[in-house]
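Its first residue numbered 669, the sequence shown is counted upward by one per residue in the working numbering.
Structure, as structure tokens:
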Amino acid sequence: MHAYEVFRQDEEGEPLQHVGSVLAPNRELAIQYARDVYSRRYEAQRLWVVPREAITEVNDADFLQPPLDHTYRMGATYRVTVEKRRQIKEMFKKVAREVTGEA
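Set out below in structure tokens:
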């Protein structure tokens, strides 16, 4: 027997969600079991039936940290970001005036 994880999409355009697992001796029976258990009343638009051994678990807390510093998105640093944008905008205006000959 092999374990298969089942993901279901209830409406077109929505994400698939993990709904459970089934045990089956082969892929074909796993698909039938998943349909019988997780889509009994035709409520599913789509099922994904995935062998559990095909799923890679990532649980390293350091690896799962964001790779880039996004503190500029935080409320505390937002004012700094707004001020930097204002300064850059003024700098571009000044350069544009110099290029066009305006004082």
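Backbone N, C-alpha and C define an ideal beta-carbon position, used for all residues, glycine too.
These figures come from a predicted structure and were not determined experimentally.
Within-8 Å CB hit, residue i to chain D
| i | result |
| --- | --- |
| Ala692 | In the displayed structure, chain D is absent; only one protein chain is listed. |
Neighbourhood of residue i by C-beta distance below 6 Å, restricted to the same chain and skipping five residues each side
| i | result |
| --- | --- |
| His686 | Phe675 |
7 Å Cβ shell around residue i - same chain, five flanking residues per side excluded
| i | result |
| --- | --- |
| Pro719 | His670, Tyr672 |
Buried or exposed by the 16-neighbour rule on C-beta atoms within 10 Å, applied to residue i
| i | result |
| --- | --- |
| Val705 | exposed |
| Val748 | exposed |
| Val767 | exposed |
Cross-strand partners of residue i (DSSP beta bridge)
| i | result |
| --- | --- |
| Glu673 | Ser689, Val718 |
Backbone secondary structure at residue i - three-state DSSP
| i | result |
| --- | --- |
| Thr724 | coil |
| Ala698 | helix |
| Ala712 | coil |
Given residue i as reference, the closest of the options once Cα atoms are compared
| i | options | result |
| --- | --- | --- |
| Pro683 | Arg741, Phe760, Leu715, Lys761 | Leu715 |
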